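S.K.: With our numbering, the residue at position 214 of the sequence shown is 298, and numbering never jumps. One structure, as structure tokens, below. Some questions next.
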Amino acid sequence: MAAAIEARSGVKGWCPGVLRPMQSGDGLIVRVRPRIGTFSLDEVRALADLAGRLGNGHVDLTRRANLQIRGLEEEALSELQAELGRLGLVDSDAESEAVRNVMVAPLAGIGSGVRRVAMAVEALLASDRRLLDLPTKFGLSIDDGGPVSIAGERADICLRAVGNDFVVGLDSREGTRWLGACAPNAAVNVVSTAMHAFLDCAPHRRLRDLPEVDQVRVQATVSPLLSELPSFDGTGGRVLGLVQGAVGIAAPFGRLEAFHLNQLADLAAMAGADEMRLSPWRTVYVTVRDAAAGRALLDGAEAMGLIVRDDDPVLRIEACPGAPDCTSSSVDARGDARRMASLAVAKSFTGSIHVSGCAKGCARSAPSDLVLVGNVGRYQVIRHATTRGPAERLVDADDLASVFLETPHG
Ligand code: SF4
Numbered sequence: 085m086a087a088a089i090e091a092r093s094g095v096k097g098w099c100p101g102v103l104r105p106m107q108s109g110d111g112l113i114v115r116v117r118p119r120i121g122t123f124s125l126d127e128v129r130a131l132a133d134l135a136g137r138l139g140n141g142h143v144d145l146t147r148r149a150n151l152q153i154r155g156l157e158e159e160a161l162s163e164l165q166a167e168l169g170r171l172g173l174v175d176s177d178a179e180s181e182a183v184r185n186v187m188v189a190p191l192a193g194i195g196s197g198v199r200r201v202a203m204a205v206e207a208l209l210a211s212d213r214r215l216l217d218l219p220t221k222f223g224l225s226i227d228d229g230g231p232v233s234i235a236g237e238r239a240d241i242c243l244r245a246v247g248n249d250f251v252v253g254l255d256s257r258e259g260t261r262w263l264g265a266c267a268p269n270a271a272v273n274v275v276s277t278a279m280h281a282f283l284d285c286a287p288h289r290r291l292r293d294l295p296e297v298d299q300v301r302v303q304a305t306v307s308p309l310l311s312e313l314p315s316f317d318g319t320g321g322r323v324l325g326l327v328q329g330a331v332g333i334a335a336p337f338g339r340l341e342a343f344h345l346n347q348l349a350d351l352a353a354m355a356g357a358d359e360m361r362l363s364p365w366r367t368v369y370v371t372v373r374d375a376a377a378g379r380a381l382l383d384g385a386e387a388m389g390l391i392v393r394d395d396d397p398v399l400r401i402e403a404c405p406g407a408p409d410c411t412s413s414s415v416d417a418r419g420d421a422r423r424m425a426s427l428a429v430a431k432s433f434t435g436s437i438h439v440s441g442c443a444k445g446c447a448r449s450a451p452s453d454l455v456l457v458g459n460v461g462r463y464q465v466i467r468h469a470t471t472r473g474p475a476e477r478l479v480d481a482d483d484l485a486s487v488f489l490e491t492p493h494g
């Protein structure tokens, strides 16, 4: 299998894959995209084995509901690709892999309309060669409207089940514009029409980057395919612990170790599961036999250092790997983020925090209440902005407590 290795960690608008790994400070990063957001437990065990045997044992859950194996040597890549190919987790070519960015509601039932539509959308992306021209960050979300909804996550095209239909939203500068509804069997045509209309415009990275005149043009192409927009509840988001016959378990900053992933698969099997669903919150969901089995799984996950409660202070912090994993960083972003979690509790700081190894801000693109950006071994302090916001000062990594002095209550 051919491998085009890229070393563009400073470039926005590009993500690693199995067929196009990315060079990072700790070796190659390989991002594995689950099909319709789901890995079987056998696949999870195989991924854990590959991460431990061929990588450095670090596994990341990404914000786009994918899983990353880190720290590969170039010589190990062919074996990894062959093994993933045997599991059916490799696309026909790097371009097809890059455009398969489909997030699926993690609790969407097996055989449900949501999963059928997700499968059909993935098949469309694999078969329509013009869609290979889509930018690699162009993505879709397909939501079930249930208690763990991903409809609030930003995607270029959003589908959300409402009653027997799907409501359709397109991203814009202000967020998702919900346009109308369609029947499940029309959803793929609507998605295809929207993607082709986007490609008919001058090249841009995302739908939201289009000038308003082009956004209106894309919306006007899609809207005739839709019926009137029904009212629906657009709330949702991550839920940890027991939730509707499943459990949600988060990894601190999205980082798991290979042996943890293996243990989690064993615990999930004991709880009656045969698959693991990924979500955009660096959280996995596992359906369980009953509440007692779910609680046993949660106890086991918590004992492994994973997060099982929504009020865990680490959840309010986003942090990229930083040094030494990423060559763009001069600071240990995740180590310092753990200290920030303890300090935030001690200082009664209730706002959101983003600790970033550099200004690229891989861990979070939205603003946070407090942002620390690595800068030659120290941190720039930014408030209520992204990593690109104006810095008020520089602090040393061993003086992080001082950043809470200005806004003690967030
Ligand atoms: S934000 Fe973090 S992971 Fe991204 S390039 Fe900078 S240091 Fe590396």
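Backbone N, C-alpha and C define an ideal beta-carbon position, used for all residues, glycine too. Keep in mind the model is a prediction, meaning the values are calculated, not measured.
Assign VAL370 to one of three DSSP states: helix, strand, or coil.
M.R.: As a position in the sequence shown, residue 370 is number 286, starting the count at 1. VAL370 falls in the strand class under three-state DSSP.
S.K.: For GLN464, write down the residues that DSSP places opposite it in a beta bridge.
M.R.: As a working mapping, residue 464 is identified with position 380 in the sequence shown. Paired residue(s): VAL457 and LEU478.
S.K.: Flag this pair as yes or no: are the beta carbons of GLY441 and THR470 separated by less than 9 Å?
M.R.: Taking the sequence shown and counting its residues from 1, the one referred to as residue 441 is at position 357. Taking the sequence shown and counting its residues from 1, the one referred to as residue 470 is at position 386. Contact flag unset, no.
S.K.: Heavy atom of the ligand SF4 less than 8 Å from the Cβ of LYS444, yes or no?
M.R.: As a working note, residue 444 is residue 360 in the sequence shown. Flag set: Cβ of LYS444 near the ligand SF4.
S.K.: Find out if the Cβ-Cβ distance for the pair VAL232, ARG322 is shorter than 9 Å.
M.R.: Numbered from its first residue, the sequence shown carries residue 232 at position 148. Numbered from its first residue, the sequence shown carries residue 322 at position 238. Yes, they are a contact pair.
S.K.: Identify which residue in ALA387, ASP227 and ASP255 has its Cα closest to the Cα of PRO268.
M.R.: Walking along the sequence shown from the start, residue 268 turns up at place 184. Cα-wise, what sits closest to PRO268 is ASP227.
S.K.: Go to VAL331, then tell me how far its beta strand (DSSP E) extends in each direction, as first and last residue.
M.R.: Here the question's residue 331 lines up with position 247 in the sequence shown. Residues 330 to 334.
S.K.: Could you pull out every residue in the same chain whose Cβ sits closer than 6 Å to the Cβ of GLY458, ignoring the five residues on either side in sequence?
M.R.: For the purposes of this step, residue 458 is identified with residue 374 of the sequence shown, where counting begins at 1. So the qualifying residues of the chain are SER413, SER414, VAL415, GLY441 and CYS442.
S.K.: Return the chain-ordered list of same chain residues with a C-beta closer than 7 Å to the C-beta of GLY384, the five sequence neighbours on each side being excluded.
M.R.: If you number the sequence shown from 1, residue 384 lands on position 300. Hits under 7 Å: LEU351.
S.K.: Per DSSP, which residues does TRP262 bridge with? Please list them.
M.R.: Your numbering for residue 262 matches position 178 in the sequence shown. Per DSSP, GLY253.
S.K.: Measuring only the C-alpha atoms, how far is LEU489 from ARG119?
M.R.: As a position in the sequence shown, residue 489 is number 405, starting the count at 1. As a position in the sequence shown, residue 119 is number 35, starting the count at 1. Straight-line Cα distance between these residues: approximately 46 Å.
S.K.: Roughly how many angstroms separate the alpha carbons of ARG214 and GLY223, rounded to a whole number?
M.R.: In the sequence shown, residue 214 corresponds to position 130, counting from 1. In the sequence shown, residue 223 corresponds to position 139, counting from 1. C-alpha separation (whole angstroms): 16 Å.
S.K.: Distance, Cα to Cα, LEU427 vs ALA417?
M.R.: Working through the sequence shown from its first residue, we reach residue 427 at position 343. Working through the sequence shown from its first residue, we reach residue 417 at position 333. LEU427 and ALA417: Cα-Cα distance of roughly 15 Å.
S.K.: Among TYR463, THR411 and ARG467, which residue has its Cα nearest to the Cα of MET106?
M.R.: As a working note, residue 106 is residue 22 in the sequence shown. Among TYR463, THR411 and ARG467, the Cα nearest to that of MET106 belongs to THR411.
S.K.: Could you say which of SER307, SER256 and ARG261 lies nearest to ARG290 if we only look at CA atoms?
M.R.: On the sequence shown, residue 290 is found 206 positions in, with the first residue counted as 1. Closest by alpha carbon: SER256.
S.K.: Can you find a heavy atom of the ligand SF4 that lies under 8 Å from the Cβ of ALA353?
M.R.: The residue you call residue 353 lines up with position 269 of the sequence shown. Every heavy atom of the ligand SF4 is 8 Å or more from the Cβ of ALA353, so no.
S.K.: Does DSSP put SER436 in a helix, a strand or coil?
M.R.: One-based indexing of the sequence shown puts residue 436 at position 352. The answer is coil: DSSP assigns SER436 none of H, G, I, E or B.
S.K.: Which first and last residues belong to the alpha helix (DSSP H) in which SER162 is found?
M.R.: Within the sequence shown, numbered from 1, the residue matching residue 162 stands at position 78. Per DSSP, SER162 belongs to the alpha helix (DSSP H) from 161 to 170.
S.K.: In whole angstroms, what separates the C-alpha of ASP298 from that of GLY253?
M.R.: Within the sequence shown, residue 298 is the residue found at index 214, counting from 1. Within the sequence shown, residue 253 is the residue found at index 169, counting from 1. Taking the straight line from one Cα to the other gives about 16 Å.
S.K.: Measuring CB to CB, does TYR369 end up less than 9 Å from PRO100?
M.R.: Stepping through the sequence shown from its first residue, residue 369 is reached at position 285. Stepping through the sequence shown from its first residue, residue 100 is reached at position 16. Cβ distance not < 9 Å, so TYR369 and PRO100 don't count as in contact.
S.K.: Checking the sheet assignment: what are the DSSP bridge partners for GLU359?
M.R.: Taking the sequence shown and counting its residues from 1, the one referred to as residue 359 is at position 275. Bridge partners of GLU359: SER124.
S.K.: Cβ of LEU173 within 9 Å of Cβ of ARG244?
M.R.: Here residue 173 refers to the residue found at position 89 when the sequence shown is read from its first residue. Here residue 244 refers to the residue found at position 160 when the sequence shown is read from its first residue. No, the Cβ-Cβ distance between LEU173 and ARG244 is not below 9 Å.
S.K.: Where DSSP assigns a beta bridge to GLY111, which residues make up the other side?
M.R.: Taking the first residue of the sequence shown as 1, we reach residue 111 at position 27. GLY111 is bridged to SER108.
S.K.: When DSSP labels each residue in this structure, what does GLU179 get in the three-state scheme?
M.R.: The residue you call residue 179 lines up with position 95 of the sequence shown. In the structure shown, GLU179 sits in a helix (DSSP, three-state: H, G or I).
S.K.: Enumerate in chain order the residues of its own chain whose CB-to-CB distance from GLN303 is below 8 Å, with the five nearest sequence positions on each side excluded.
M.R.: Counted from its first residue, the sequence shown places residue 303 at position 219. Once the five neighbours on either side are set aside, the close Cβ partners of GLN303 are LEU254, ARG261 and LEU263.
S.K.: Report the CB separation of ARG148 from PRO364 in whole angstroms; it is logged as a contact under 8 Å.
M.R.: The residue given as residue 148 occupies position 64 in the sequence shown. The residue given as residue 364 occupies position 280 in the sequence shown. Yes, they are in contact, since the Cβ atoms of ARG148 and PRO364 sit about 6 Å apart, within 8 Å.
S.K.: Kindly examine the ligand SF4 and report whether one of its heavy atoms sits closer than 8 Å to the Cβ of CYS266.
M.R.: Here residue 266 is taken as the residue at index 182 of the sequence shown, counted from 1. No.
S.K.: Can you name, in chain order, every residue of its own chain whose Cβ lies under 6 Å from the Cβ of LEU340, other than the five neighbours on each side?
M.R.: Locating residue 340 in the sequence shown gives position 256, counting from the first residue. For LEU340, where only same-chain residues beyond five positions count, the Cβ hits under 6 Å are VAL143.
S.K.: With distance defined between alpha-carbon atoms, name the residue in ALA286, LEU310 and ILE234 nearest to ALA270.
M.R.: On the sequence shown, position 186 is the one that residue 270 refers to. Closest option to ALA270, Cα to Cα, is LEU310.
S.K.: Can you give me the Cβ contacts of ASP133 inside the same chain, cut-off strictly under 8 Å, excluding the 5 residues immediately before and after it?
M.R.: Residue 133 sits at position 49 when you count from the first residue of the sequence shown. Excluding residues within five positions, the ones whose Cβ falls inside 8 Å are ALA342 and ASN346.
S.K.: Taking 8 Å as the cut-off, does the CB of PRO287 come closer than this to any heavy atom belonging to the ligand SF4?
M.R.: One-based indexing of the sequence shown puts residue 287 at position 203. Checking every heavy atom of the ligand SF4 against the Cβ of PRO287, none is found closer than 8 Å.
S.K.: Out of curiosity, what's the CA-to-CA distance linking PHE505 and MET360?
M.R.: Not covered by the structure: residue 505. The range shown for the chain is 85 to 494.
S.K.: For LEU208, which residues from the same chain have a beta carbon less than 8 Å from its beta carbon, with the 5 sequence-adjacent residues on both sides left out?
M.R.: The count along the sequence shown starts at 1 and reaches residue 208 at position 124. Around LEU208: LEU215, VAL272, VAL275 and SER276.
S.K.: Give a single yes or no on whether ALA450 has its beta carbon closer than 8 Å to a heavy atom of the ligand SF4.
M.R.: Numbered from its first residue, the sequence shown carries residue 450 at position 366. No; taking the cut-off as 8 Å, the Cβ of ALA450 has no heavy atom of the ligand SF4 nearer than that.
S.K.: DSSP state of VAL392, grouped into three classes?
M.R.: By one-based count along the sequence shown, residue 392 stands at place 308. Residue state, collapsed to three classes: coil.
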